[in-house]
Structure formats: C-alpha cells, structure tokens
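Position in the sequence shown (first residue = 1) + 3 = my numbering.
Here's the structure, in structure tokens; my notes come after.
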Amino acid sequence: MGQEMESKTEGIKAKISGERNVSIKVTLTAITAALYIVLGYVFQPISFLGLQFRVAELIVGMCILFPLEGLVGNVIGVFFVNLTSPLGLIDLISCIVNIPALYCIVLFRNKKLLKYLGGILYAILISIYVAIVLNLVFMLPIWLMFIQVLIAETILASLGIVIFDVIRIRLGLDT
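So this is what it looks like as structure tokens:
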C-alpha cells in the first residue's frame, strides 16, 4: 500500500511538473514574440524596405537560450510586425521563410564560434527573400537589395547571438 501511494504521489508530481514545463514554454514563446513585436513597432520607420535595420532581429538570439520557444516566438513576432509592412500581404510569407532561417541558429547554437555561422546563414536566407520581394513589388535591383539587407541582418543576428549567449552564460544555462 505504501509503494502504491508513493507511486501515485510521484505520478502527480510528474504531471504538475509537466504542466509547469508547458506553461514555462508558452510563456517564453510569448515573451519572445512580445519583444520582437515591441522592437518592431518602436523602430518601424527603419524596419522595412532596402535600407532596413530591423532592431527586432536582435531577438533571434533567443534561439540560443530556448531553441523551440525562440523560433516560434520569432515567427509570431515577424507575422505581427509585417502586418504593417509597406510591401503588403506578400510580406507575411516571410514567417514561413523565417522557420528554416531560424533553424540555422538553433542548429549551430552549441557550437562555440560556429554559432555565428548559424546567424550568417539566417541573414543570407532572410536577405535573399527580402531582395526577391523588393524586386517583385518595387522593381528594386535584387543584388543591391540583397547586399544592403545582408549587412544589416548579419550585424543584428550576430549581435543578438552575442547578447543571448552572454545571458545564457550569466544564468548558468550552459548545455
């Protein structure tokens, strides 16, 4: 009888722990999305078109700390920020493009200096997409748009990775 009661207690603890874990994951996803949205709206004047410097891209570094929550939160944030894009509804497709791009950061997050390769790959994928869309919508030169967006994306993704990597180390979340 004692072992049975102990087993039930352990089962209840596991259930509570699992529910708490889900709550934490949802909260981290929401925080990531909220940070991206706030930065996107605050810096909206410089967040779109060819000479964009989307400060919200710093939040991609959250994928270093919490891979799934960072990825999903960033995708949600991109969707809401791009609702106000001068490119119109076509810019909402970027949410889909962000998934493999963010996965590059997730993939390399524990690889010392290679984590920056993840950020560069992210920047390349996003820059290709943005350059193509700017070319299709405004007939802007695709290579010029690619280079301009790539410079900003590389700076912001790399800086975001540095910021969140420092946070990871300071909080003792090394894996």
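All C-beta atoms in this analysis are idealised placements derived from N, C-alpha and C, irrespective of residue type, glycine included.
So which of the options has the shortest CA-CA distance to residue i?
i	options	result
I131	L153, K115, L120	L153
L124	V136, T157, N113	T157
I166	I40, I150, M65	M65
N77	I127, V109, F56	V109
N138	L90, C107, L159	L90
G122	V133, L38, C107	C107
Q55	I129, I172, D168, M142	I129
L38	I49, I62, A104, F46	I62
D94	L116, K114, D168, V140	V140
I150	A126, I172, L105	A126
L116	S88, I96, S161, T87	S161
Span of the alpha helix (DSSP H) holding residue i?
i	result
G163	145-173
V84	70-85
N138	118-141
F46	Element bounds for F46: n/a, residue is neither H nor E.
A104	97-111
Roughly how many whole angstroms lie between the Cα atoms of residue i and residue j?
i	j	result
L92	K118	32 Å
V176	K28	The question names Val, yet the displayed sequence has Leu at residue 176. Computed Cα separation, rounded: 15 Å.
L143	G53	8 Å
L105	Q47	21 Å
Excluding the five sequence neighbours on either side, which residues of its own chain have a C-beta within less than 7 Å of the C-beta of residue i, listed in chain order?
i	result
I170	L68
For my contact list, residue i and residue j are in at a C-beta cut-off of 8 Å; report their separation, rounded to the angstrom.
i	j	result
G163	E60	6 Å
T30	G80	Their Cβ separation, rounded to whole angstroms, is 15 Å, which puts T30 and G80 out of contact at 8 Å.
P70	R23	Contact flag wrong, Cβ pair sits at about 19 Å.
L134	I145	A quick correction: the sequence has Ala, not Leu, at residue 134. With a Cβ gap of about 5 Å, A134 and I145 count as contacting.
G43	V84	3 Å
R57	L147	The pair is not a contact, with the Cβ atoms about 18 Å apart (cut-off 8 Å).
Leaving out the 5 sequence neighbours to the left and right, which residues in its chain are closer than 8 Å to residue i when beta-carbon positions are compared?
i	result
I102	L74, V78
So, for residue i: in the same chain, excluding its five sequence neighbours on each side, which residues have a beta-carbon less than 6 Å away from its beta-carbon?
i	result
F51	S88, P89
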